[in-house]
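Following: one structure in structure tokens, then a few remarks.
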Amino acid sequence: MTEDMESLAGSVANKDMKTDASMAQKSTSMKAQERLTNTVLYILLIGMAVVWLLPFVIIVLTSVRSMGDLINNGVFAWPEQIVLANFERAWNIGNFSTYFRNSLILIILKVPLGIVIASLAAFPLAKMQFRFSGVIFVFFLIGLAIPIHVTLTPLLVMMKQLGIQGTLAALIPPYVVFGLPFQIFVMRGFFRTVPSELLEAARLDGATEWGNFWRILMPLSAPALATLFIIDALATWNELLMALVLISSNESRTVPVGLLQFQGQFSSQYTQLMAGVLISITPIILLYVFLQRYMVSGLTAGALKE
Amino acid sequence: MATALKSQAGAKRKATNRRPRFRFTPYLFLAPALIWYLCFLVYPMYQSLTISFMDWDGLSANIRFIGLENYRRIFFEDETARRALWNNILWTLGTLLIPTTIGLMLAVALDRKLRGRTVLRALFYGPAVLPLVAVGMIWAWMYNPQFGFINYVLKAVGLGFLARGWLSVFETALPATFLTAVWGGVGFPMVLYLAALQAIPQEQYEAAKMDGANGRQLFWKITLPWLREANVIVFSLAVINSFKTFDLIYTMTYGGPGRITQVLGTWMYFHAFQYYNAGYGAAIAWVIAIITLVMAIPYIQRMSRD
Chain A
0 MTEDMESLAG SVANKDMKTD ASMAQKSTSM KAQERLTNTV LYILLIGMAV VWLLPFVIIV
60 LTSVRSMGDL INNGVFAWPE QIVLANFERA WNIGNFSTYF RNSLILIILK VPLGIVIASL
120 AAFPLAKMQF RFSGVIFVFF LIGLAIPIHV TLTPLLVMMK QLGIQGTLAA LIPPYVVFGL
180 PFQIFVMRGF FRTVPSELLE AARLDGATEW GNFWRILMPL SAPALATLFI IDALATWNEL
240 LMALVLISSN ESRTVPVGLL QFQGQFSSQY TQLMAGVLIS ITPIILLYVF LQRYMVSGLT
300 AGALKE
Chain B
0 MATALKSQAG AKRKATNRRP RFRFTPYLFL APALIWYLCF LVYPMYQSLT ISFMDWDGLS
60 ANIRFIGLEN YRRIFFEDET ARRALWNNIL WTLGTLLIPT TIGLMLAVAL DRKLRGRTVL
120 RALFYGPAVL PLVAVGMIWA WMYNPQFGFI NYVLKAVGLG FLARGWLSVF ETALPATFLT
180 AVWGGVGFPM VLYLAALQAI PQEQYEAAKM DGANGRQLFW KITLPWLREA NVIVFSLAVI
240 NSFKTFDLIY TMTYGGPGRI TQVLGTWMYF HAFQYYNAGY GAAIAWVIAI ITLVMAIPYI
300 QRMSRD
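Sequence lines, in order, name chains A and B.
When we follow numbering that gives the first Met the number 0, the leftmost residue of the first sequence carries the number 0, and every step to the right adds one.
When we follow numbering that gives the first Met the number 0, the leftmost residue of the second sequence carries the number 0, and every step to the right adds one.
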């Protein structure tokens, strides 16, 4: 510590004595050094990028060839012949059309419902002063740390009692509830950035709180709502454990549960297995390529506070 | 006169606003979220806590109160439960160490003005958006003993003696599964650290450079202190998510070979839904919940701070 201070003081004293020439010399050497650093970085980053990309290359190479070709030439060889029948067979035998349909229905029903409920709750937490607002906010935030595991058996019993156990409808209540904490947090943060004067002015013109919510806050929050929609749709598409417990029939399986089923059926038909995996991740990859910015910024907005 | 009246009325309104009186409107907006939260999260949690004190198969009316017996069994009798807890601890330590460090290094590297950094960021974050079932299946194929890419490479470079069934050998099953989690897990810390890095005022670096600080000093004296907030979030989420681990283990090893890769999440699932020990399963789930809730305290404190 003292050493640092001394060297710091020394450098301050030195700086005054330095000539322009030595400064210029230093800056060119710094530039050269920076170029070297960047080159080394590039090599490391590209090496890592290759490792990160490899699994994708492997599944593509596996899924477009015949089983015989794979056994004879190994997984990394260029396919003798591009075989697209794997995808057709995986799609049909693997029941992927059913799984896709189910996951999509779930997203369409669940995501808007959850986001509206969360936004309604976020409004008073952001814009109204009332006694328990802090307590209620923390109460919701605790949900971020609650593992889904701790609700499984009671939810299964509850859904049996409601007569919807095993169907897609059984997944909607728990999926909504586990989305709420994050969504309330993000929407509350976003609503707080909307100037209160806007709401105040509308109130003076006779607008109700309900009207303010739908006519001012929600339209202004379109970017946050879009981000939440994408993140939540993704989480719904990917969720396994709850669906595994609450869904029993083949007719109601979502994509992850269906994939597991498919893995069981085709355990040694590697080419078709990877074709199925590729089918199941293609929509997400496309979504990611086009909407990457929203997805990533939303996640950081949720986790990091300004 | 009129203005005087108005200002008087205004003062009066302000006074009533300041006085803490019960307001109904906030609760109307909060009601859907609160009711949903109580019905499908708090109530099931309470029920599973009750179940965890019971000896119950999860189906029949045959239910018996046994107090803390289930919890005693977890810690003092059931060797697999202790193995599972230990695996979770190893998984947590590994997650704190490896993907977090790689994520930080990537963030520092990709914060520089490198060409192609957007593509690289997207690539390293990419696996994080895929369903873990698909990720697990992809890597199970990479690790395949006969045709998998990893053994293929080992044989190709003359290290064939190292080739093995990575997921079916006791020593390598858990590390191999964990490496899969690393592939999917560097993206999140990376984007969080990137966001935090971008918030650092550049003048601090400029000033330090003027004073002759070198790259290492800049990192330890400026960058790292600025990342404290991000660290809390990354570390907390790493711990919470590590104890929730389920999908990868279930997809890749199913807890095997033997029971060597069981984690609390899978062991809870096996008991509650396959061995018909709903009481014991609920107790394991509550052990997970207590750990994650305690570990989440600093995280929730930060999130709820204004």
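Ideal Cβ placement from N, Cα and C applies to all residues, glycine included.
Does the beta carbon of B:Leu89 come closer than 8 Å to any beta carbon on chain A? In the second sequence, residue 89 of chain B corresponds to position 90, counting from 1. With 8 Å as the cut-off, B:Leu89 does not count as an interface residue toward chain A.
Where does A:Glu305 fall in DSSP's three states? In the first sequence, counting from the first residue as 1, residue 305 of chain A sits at position 306. Residue placement at A:Glu305 is flagged as unreliable, the pLDDT there being 38, under the threshold of 50; a coordinate-derived value is accordingly withheld.
Give the interface partners of A:Ile57 over in chain B, defined as CB-CB distance under 8 Å, in chain order. Here residue 57 of chain A is taken as the residue at index 58 of the first sequence, counted from 1. The CB of A:Ile57 comes closer than 8 Å to the CB of Ile137, Trp140, Met141, Phe148 in chain B, given here in chain order.
Run through DSSP, which three-state label would B:Arg63 get? Locating residue 63 of chain B in the second sequence gives position 64, where the first residue counts as 1. In the three-state reduction of the DSSP assignment, B:Arg63 falls in the strand class, which pools E and B.
Against A:Ile183, what residues of chain B qualify as contacts under a CB-to-CB distance less than 8 Å, listed in chain order? As a working mapping, residue 183 of chain A is identified with position 184 in the first sequence. Residues of chain B whose Cβ lies closer than 8 Å to the Cβ of A:Ile183 are, in chain order, Ala32.
Chain A partners of B:Gln46, CB-CB under 7 Å? Translated into positions along the second sequence, residue 46 of chain B becomes position 47. Under the 7 Å cutoff, chain A gives Pro153.
Range covered by the beta strand (DSSP E) that runs through B:Trp55: In the second sequence, the residue the question calls residue 55 of chain B occupies position 56. Where B:Trp55 is concerned, the enclosing beta strand (DSSP E) starts and stops at 53 to 55.
Test: B:Pro25 CB closer than 8 Å to a CB of chain A: One-based indexing of the second sequence puts residue 25 of chain B at position 26. So yes, B:Pro25 belongs to the interface.
Quick one: is B:Ile287 near chain A, going by C-beta distance under 8 Å? As a first step, residue 287 of chain B is located in the second sequence; it is residue number 288 there, counting from the start. Using beta-carbon distances, B:Ile287 counts as an interface residue toward chain A, with a partner under 8 Å.
Where A:Asn101 meets chain B, residues with beta-carbon distance less than 8 Å: Start at 1 with the first residue of the first sequence, and residue 101 of chain A comes out as number 102. Correct list: empty, because the minimum Cβ distance to chain B is about 14 Å.
What residues from chain A crowd round B:Val132, counting only those whose CB sits closer than 7 Å? Along the second sequence, read from residue 1 onward, the residue named residue 132 of chain B stands at position 133. By Cβ distance, chain A contributes Leu239, Pro255, Leu258, Leu259.
Length-filtered (4 minimum) alpha helix (DSSP H) runs lying within the region 214 to 238 of chain A: Counting whole runs of 4 or more residues, the region 214 to 238 of chain A contains the alpha helix (DSSP H) stretches 221 to 237.
Contacting residues, own chain, Cβ-Cβ under 7 Å from A:Leu167 (five flanking each side not counted): Along the first sequence, one-based indexing puts residue 167 of chain A at 168. Cβ neighbours of A:Leu167 beyond the five flanking positions: Asn101, Ile104, Leu105, Ser251.
Within-8 Å CB hit, A:Thr192 to chain B: Within the first sequence, residue 192 of chain A is the residue found at index 193, counting from 1. The beta-carbon of A:Thr192 is placed no less than 8 Å from the nearest beta-carbon of chain B.
What does B:Tyr274 reach in chain A if we use C-beta pairs closer than 7 Å? By 1-based counting over the second sequence, the position of residue 274 of chain B is 275. Neighbours of B:Tyr274 on chain A: none; closest Cβ ~13 Å, over 7 Å.
At 7 Å on the CB atoms, spell out the chain A contacts of B:Met267, in chain order. Taking the first residue of the second sequence as 1, we reach residue 267 of chain B at position 268. Listed along the chain, the chain A residues whose CB falls inside 7 Å of the CB of B:Met267 are His148.
Distance CB(A:Leu60)-CB(A:Gln164) smaller than 8 Å: Sequence index remark: in the first sequence, residue 60 of chain A carries index 61 (1-based). Sequence index remark: in the first sequence, residue 164 of chain A carries index 165 (1-based). Pairing A:Leu60 with A:Gln164 gives a Cβ-Cβ distance that is not under 8 Å.
Pick from A:Val295, A:Gly275, A:Leu285, A:Ile283: whose alpha carbon is nearest that of A:Ala84? As a working note, residue 84 of chain A is residue 85 in the first sequence. For A:Ala84, the closest C-alpha among the options A:Val295, A:Gly275, A:Leu285, A:Ile283 is that of A:Gly275.
Chain A contact for B:Gly93 (CB, 8 Å cutoff): Here residue 93 of chain B is taken as the residue at index 94 of the second sequence, counted from 1. B:Gly93 is outside the set of residues whose beta carbon lies under 8 Å from a beta carbon in chain A.
Please report the residue range of the alpha helix (DSSP H) in which A:Trp90 lies. Along the first sequence, read from residue 1 onward, the residue named residue 90 of chain A stands at position 91. Element bounds for A:Trp90: 84 to 92.
At 8 Å on the CB atoms, spell out the chain B contacts of A:Ser96, in chain order. Taking the first residue of the first sequence as position 1, residue 96 of chain A is located at position 97. A:Ser96 does not reach chain B, its nearest Cβ partner there being about 17 Å away, counting only Cβ pairs nearer than 8 Å.
Could you spell out the range, first to last residue, of the alpha helix (DSSP H) harbouring B:Met267? The residue you call residue 267 of chain B lines up with position 268 of the second sequence. Taken as a continuous stretch (DSSP letters only), the alpha helix (DSSP H) holding B:Met267 covers 263 to 272.
Taking DSSP as the reference, what is the three-state secondary structure of A:Ile246? Reading the first sequence from its first residue, position 247 is the one you call residue 246 of chain A. The answer is strand: DSSP assigns A:Ile246 an E or B state.
N-terminal and C-terminal residue of the alpha helix (DSSP H) that B:Asp110 is part of: Here residue 110 of chain B refers to the residue found at position 111 when the second sequence is read from its first residue. B:Asp110 -> alpha helix (DSSP H) spans 78 to 110.
Would you tell me roughly how many angstroms separate the C-alpha atoms of B:Gly159 and B:Asn150, rounded to the nearest one? Position 160 of the second sequence holds residue 159 of chain B. Position 151 of the second sequence holds residue 150 of chain B. Going from the Cα of B:Gly159 to the Cα of B:Asn150 covers about 7 Å.
Do the region 234 to 242 of chain B and the region 289 to 298 of chain B touch if we need at least three Cβ pairs shorter than 8 Å? With the rule of 3 Cβ pairs closer than 8 Å, the region 234 to 242 of chain B counts as touching the region 289 to 298 of chain B.
Taking just the CA atoms, how far does B:Ile50 sit from B:Tyr274? On the second sequence, position 275 is the one that residue 274 of chain B refers to. On the second sequence, position 51 is the one that residue 50 of chain B refers to. C-alpha separation (whole angstroms): 16 Å.
Would A:Pro218 pass as an interface residue toward chain B - the criterion being a Cβ-Cβ separation below 8 Å? Here residue 218 of chain A is taken as the residue at index 219 of the first sequence, counted from 1. No, no contact with chain B.
Can you tell me whether A:Gly205 is buried or exposed, with buried defined as 16 or more other CB within 10 angstroms of its CB? In the first sequence, residue 205 of chain A corresponds to position 206, counting from 1. Exposed, since its Cβ has fewer than 16 Cβ neighbours within 10 Å.
Let's test the definition: count the other Cβ atoms within 10 Å of the Cβ of B:Ala195 and tell me whether it reaches 16, buried, or not, exposed. Within the second sequence, numbered from 1, the residue matching residue 195 of chain B stands at position 196. By the neighbour-count rule (16 or more Cβ atoms within 10 Å), B:Ala195 is buried.
DSSP three-state assignment for B:Gly211, whether helix, strand or coil: Reading the second sequence from its first residue, position 212 is the one you call residue 211 of chain B. Assignment of B:Gly211 by DSSP, reduced to helix, strand and coil, places it in the coil class.
What separation, rounded to the nearest whole angstrom, lies between the Cα atoms of B:Ala108 and A:Leu40? Against the second sequence, residue 108 of chain B aligns to sequence position 109. Against the first sequence, residue 40 of chain A aligns to sequence position 41. Whole-angstrom Cα-Cα distance: 7 Å.
Tell me, please, which residues DSSP counts as bridged to A:Gly165. Counting from 1 along the first sequence, the entry for residue 165 of chain A is found at position 166. Residue pairing by DSSP places A:Gly165 opposite A:Ile246 in a beta bridge.
Taking only beta-carbon positions, decide if A:Asn72 is within less than 8 Å of chain B. Mapped onto the first sequence, residue 72 of chain A falls at position 73. In terms of beta-carbon proximity, A:Asn72 stays away from the interface with chain B, with every pair separated by 8 Å or more.
Taking only beta-carbon atoms, is B:Leu29 less than 8 Å away from chain E? Looking at the structure shown, chain E is missing, and the protein chains on hand are A and B.
Contacts around A:Ile57, its chain only, beta-carbon distance under 7 Å, and the 5 residues preceding and following it disregarded: By 1-based counting over the first sequence, the position of residue 57 of chain A is 58. Only Val74 meet the Cβ criterion.
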